[in-house]
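Protein chains: 2
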Amino acid sequence: MIIDLVNKIVNGDFKAISKAISIIENNYSESEELIRKIYPYTGKSYKIGITGPPGAGKSTIVFQLTKLLRREGAKVGIIAVDPTSPFTGGSLLGDRVRMNELSLDGGVFIRSMATRGSLGGLSKRADEAGDILDSAGFDYIIFETVGVGQSELDVVKVADTIVVVLVPESGDSIQAMKAGLMEIADIFVLNKSDREGADVAVNSIKSVLSFRQKLDQWEINVIKTIASSGQGVDELLNEIKKHRDFLFRTGEFYKRRKDKLKFKIKEIIEERLRKNFWTIEREKILDEKISSLELPKANPFEIAEELIENFYQKNFLNETKSFH
Amino acid sequence: MIIDLVNKIVNGDFKAISKAISIIENNYSESEELIRKIYPYTGKSYKIGITGPPGAGKSTIVFQLTKLLRREGAKVGIIAVDPTSPFTGGSLLGDRVRMNELSLDGGVFIRSMATRGSLGGLSKRADEAGDILDSAGFDYIIFETVGVGQSELDVVKVADTIVVVLVPESGDSIQAMKAGLMEIADIFVLNKSDREGADVAVNSIKSVLSFRQKLDQWEINVIKTIASSGQGVDELLNEIKKHRDFLFRTGEFYKRRKDKLKFKIKEIIEERLRKNFWTIEREKILDEKISSLELPKANPFEIAEELIENFYQKNFLNETKSFH
């Protein structure tokens, strides 16, 4: 079953890609086998992350970028994990309709992913959805996510080039700084740059950037755009390509990818340990303990330790055979 | 050392409380011992969670609520984990100054916590900061957090009564629904209710609520406020107390607190397992594997499994003695 799905994905079948992402999103039992099988086909896509505060025009930027990339003949996959994005059902229906038009030619795949109920697994699932698109032969994968909230921000960190979109509103750049956006940006976009205060905003971003510790030789630029008309988006695409060339030239590309692989391995391990630990039997022990205890005297640490002891003892008796 | 700190906290010493929260926030090695020792003194505070989109006026609501509670002689602890909140350094400095004035009488403690770099531990740390304030004898603890982002939303779930603050802006209630705010609210506040569209907004919230599955007998009301002038905040406080009475009368209070205890135990276990797993030695094995491998051929699952096997084998050899 999974092997059929993998074959279809690798051949670029949109239906199969959709199905695969649903399997990952819902964390069905087949999801691990799927990712395992797909993994050897990954590593060819270039990943772009687009983030910024709600209302900055991220989706319109994604739309215009995609249009330019399509003109070059590139295949583009889009993963939107932004609860405020039109792609995930927000209010700017116009963008959504236009984007769906783009996808009619078969060169664009768009998928929105739910951001709630994820318990910290959001970035892992978005990353895996990216792996599916990667193995399906998309040249570029764009991750769009709102720059508020730690788990949302983690999503964009899987990208090779991270673009932070801001608008000339006052205090915006300060908020961005506080939210950690300043630290992750490879490129800044000041969108809606025909609005009042645009030059002030550019200068304020630049002055914050001047305090940022330079970790590498890459110089972070601020690109002015008016995404609604497409103005400046060609310049943004050039800047993204310049950054890509920089990453390859300096070897930074592989270094970053290895860092991400390490993070991924840690996630797999923690998920596995959690699964091994929370057997039906051990869940039952916990439920029984909790229903019989008296608040507020209960000490969560003691209960936790009893369960951990039980875990290691079972493991000792069964040796390691039941753990993978 | 820790026992001295605990004694000071229990006696309501603000400096000691501050120090304790810093220990938790930075996850210093003493943090677990601290929480263990403080735990027997907890369970007396009533916890209120205030959430909603950026700009809804959450901080002003918190300020006005605190003022009313102080008039009743209640001690109030505030934990703000909102990157857009003035308490955490946002733009509305006025609120911050006013709030600091409130705290001069010794009956109000305010603490903001960083939201970034937390890797999923944000709600755990906020909860533990709440335990510190609880043991220090605060009657009410208010958690303020922005209603965007999963980890931010998890913070508010530690509260007994959850208040969702919205404003009359169009689409706001729909966004709230998408972000999962509709599901967690015990009370709604429509702030800035003198603005155009207030009644439409109230009706739209009510109509969404009418579709919500009733899990208990509590009827969710929408309270109209103008927080800047304090209007409606007394009504909100009454509604919070009505909800508290409801929780006690129906036994729901202890049921919810037990659910939270269960969640806490699970968090402790997972943190412990992670610590046991990631010894310096095992980190080193991972780093060596990663530096020697070839991208994109590397399979993260295989590396993860090797490390897990190593973990269980060590555990087998050492029996359980080194794990707590």
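Protein chains in written order, with my numbering: chain A, 624 to 947; chain B, 624 to 947.
All C-beta atoms in this analysis are idealised placements derived from N, C-alpha and C, irrespective of residue type, glycine included.
Would a C-beta distance cut-off of 8 Å place residue i and residue j closer than the cut-off?
{"i": "L832 (chain B)", "j": "I843 (chain B)", "result": "yes"}
{"i": "I810 (chain A)", "j": "T768 (chain A)", "result": "no"}
{"i": "G730 (chain B)", "j": "K698 (chain B)", "result": "yes"}
{"i": "V823 (chain A)", "j": "K681 (chain A)", "result": "no"}
{"i": "L688 (chain A)", "j": "I765 (chain A)", "result": "yes"}
{"i": "E992 (chain B)", "j": "V704 (chain B)", "result": "As displayed, chain B neither begins before 624 nor continues past 947, which places residue 992 (chain B) out of reach and without an answer."}
{"i": "D762 (chain A)", "j": "S668 (chain A)", "result": "yes"}
{"i": "T848 (chain B)", "j": "V825 (chain B)", "result": "no"}
{"i": "A752 (chain A)", "j": "I632 (chain A)", "result": "no"}
{"i": "E893 (chain B)", "j": "R897 (chain A)", "result": "yes"}
{"i": "A850 (chain A)", "j": "I733 (chain A)", "result": "no"}
{"i": "I635 (chain B)", "j": "A759 (chain B)", "result": "For clarity, residue 635 (chain B) is Gly in the given sequence; the question names Ile instead. Yes, the Cβ-Cβ distance between G635 (chain B) and A759 (chain B) is below 8 Å."}
{"i": "A921 (chain A)", "j": "I891 (chain B)", "result": "no"}
Name the chain A residues whose beta carbon is nearer than 9 Å to that of residue i?
{"i": "R748 (chain B)", "result": "Within chain A, no residue comes near R748 (chain B); the closest Cβ sits about 12 Å away, beyond 9 Å."}
Interface residues of chain B around residue i at Cβ under 9 Å?
{"i": "N922 (chain A)", "result": "R659, Y662 and P663"}
From the options, pick the residue whose C-alpha is nearest to that of residue i; which is it?
{"i": "E671 (chain B)", "options": "B:D757, B:I646 and B:D627", "result": "The question names Glu, but residue 671 (chain B) in the sequence shown is Ile. It is B:D757."}
{"i": "I807 (chain A)", "options": "A:R748, A:K780, A:D882 and A:S735", "result": "A:K780"}
{"i": "I913 (chain B)", "options": "A:K889, A:I908, A:E911 and A:P923", "result": "A:K889"}
{"i": "K885 (chain A)", "options": "B:D910, B:R693, B:Y877 and B:S735", "result": "B:D910"}
{"i": "A679 (chain A)", "options": "A:G635, A:N814, A:D882 and A:V629", "result": "A:N814"}
{"i": "E695 (chain B)", "options": "B:K864, B:P791 and B:D636", "result": "B:K864"}
{"i": "K937 (chain B)", "options": "B:S915, B:T902 and B:I891", "result": "B:T902"}
{"i": "R867 (chain B)", "options": "B:D636, B:A782 and B:N649", "result": "B:A782"}
{"i": "E819 (chain A)", "options": "A:F834, A:K829 and A:E792", "result": "A:E792"}
{"i": "S735 (chain A)", "options": "A:S641, A:E862 and A:Y651", "result": "A:S641"}
{"i": "K878 (chain A)", "options": "B:G874, B:S915 and B:R879", "result": "B:S915"}
{"i": "A737 (chain B)", "options": "B:R693, B:L725 and B:N650", "result": "B:N650"}
Spatial neighbours of residue i within its chain, please: C-beta separation below 6 Å, excluding the five flanking residues on both sides.
{"i": "E858 (chain A)", "result": "I846"}
{"i": "F900 (chain A)", "result": "F934"}
{"i": "L586 (chain A)", "result": "With chain A covering 624 to 947 only, the question about residue 586 (chain A) has no answer from this structure."}
{"i": "F869 (chain B)", "result": "W841"}
{"i": "F946 (chain B)", "result": "For F946 (chain B), the predicted structure reports a pLDDT of 45, less than 50, and the residue's modelled location is therefore unreliable. The matter cannot be settled from this model."}
Residues of chain B with CB under 8 Å from residue i, in chain order?
{"i": "A643 (chain A)", "result": "Neighbours of A643 (chain A) on chain B: none; closest Cβ ~17 Å, over 8 Å."}
{"i": "L930 (chain A)", "result": "I888 and I892"}
{"i": "F766 (chain A)", "result": "Correct list: empty, because the minimum Cβ distance to chain B is about 16 Å."}
With 16 other CB atoms within 10 Å as the buried threshold, where does residue i fall?
{"i": "L727 (chain A)", "result": "exposed"}
{"i": "F871 (chain A)", "result": "exposed"}
{"i": "E655 (chain B)", "result": "buried"}
{"i": "D750 (chain B)", "result": "buried"}
{"i": "E992 (chain B)", "result": "Only positions 624 to 947 of chain B appear in the structure, and residue 992 (chain B) is not among them; the question remains open."}
{"i": "T674 (chain B)", "result": "buried"}
{"i": "G700 (chain A)", "result": "buried"}
{"i": "L716 (chain B)", "result": "Bear in mind that a pLDDT of 44 at L716 (chain B), under 50, signals an unreliable position, so the model cannot answer this."}
{"i": "M624 (chain A)", "result": "exposed"}
{"i": "K887 (chain A)", "result": "buried"}
{"i": "K638 (chain A)", "result": "exposed"}
{"i": "E917 (chain A)", "result": "exposed"}
{"i": "R895 (chain B)", "result": "buried"}
{"i": "S852 (chain A)", "result": "exposed"}
{"i": "I702 (chain B)", "result": "buried"}
{"i": "I626 (chain B)", "result": "exposed"}
{"i": "E862 (chain B)", "result": "buried"}
{"i": "F834 (chain B)", "result": "exposed"}
Chain A partners of residue i, CB-CB under 7 Å?
{"i": "A927 (chain B)", "result": "I888, I891, I892 and R895"}
{"i": "I913 (chain B)", "result": "K881, L884 and K885"}
{"i": "F834 (chain B)", "result": "What F834 (chain B) touches in chain A: nothing, since even the nearest Cβ is about 16 Å away."}
{"i": "L909 (chain B)", "result": "K885 and I888"}
{"i": "F871 (chain B)", "result": "Within chain A, no residue comes near F871 (chain B); the closest Cβ sits about 13 Å away, beyond 7 Å."}
Within the same chain, show all residues whose beta-carbon is closer than 8 Å to that of residue i, passing over the 5 residues directly before and after it, in chain order.
{"i": "R905 (chain A)", "result": "L930, N933 and F934"}
{"i": "D754 (chain A)", "result": "I658, I661, Y662 and T665"}
{"i": "I647 (chain A)", "result": "S654, L657, I658, R748, E751, A752 and I755"}
{"i": "L691 (chain B)", "result": "V856, D857 and L860"}
{"i": "K907 (chain B)", "result": "none"}
{"i": "K944 (chain A)", "result": "Note that K944 (chain A) scores a pLDDT of 46, beneath 50, so its modelled location is shaky and nothing firm can be said."}
{"i": "K1000 (chain B)", "result": "Here chain B has residues from 624 to 947 only, and residue 1000 (chain B) is not among them."}
For a contact defined as C-beta to C-beta under 8 Å, what are the partners of residue i on chain A?
{"i": "F637 (chain B)", "result": "Within chain A, no residue comes near F637 (chain B); the closest Cβ sits about 23 Å away, beyond 8 Å."}
{"i": "F811 (chain B)", "result": "In chain order: nothing, as chain A lies at least about 18 Å away."}
Mind pulling the chain B residues with CB within less than 7 Å of residue i?
{"i": "F761 (chain A)", "result": "Near F761 (chain A) there are no residues of chain B at all, since even the closest Cβ is about 15 Å away, more than 7 Å."}
{"i": "F732 (chain A)", "result": "Within 7 Å Cβ-Cβ: nothing; F732 (chain A) doesn't reach chain B, min ~21 Å."}
Within its chain, find whatever has a CB closer than 7 Å to the CB of residue i; leave out the 5 residues flanking it on each side and keep chain order.
{"i": "D817 (chain A)", "result": "I849"}
{"i": "Q854 (chain A)", "result": "T848"}
### Task
Check distances from the C-beta atoms of the stretch 681-697 of chain A to those of chain C and list, in chain order, the residues that come in under 7 Å.
Note that chain C does not occur in the displayed structure, where the protein chains are A and B.
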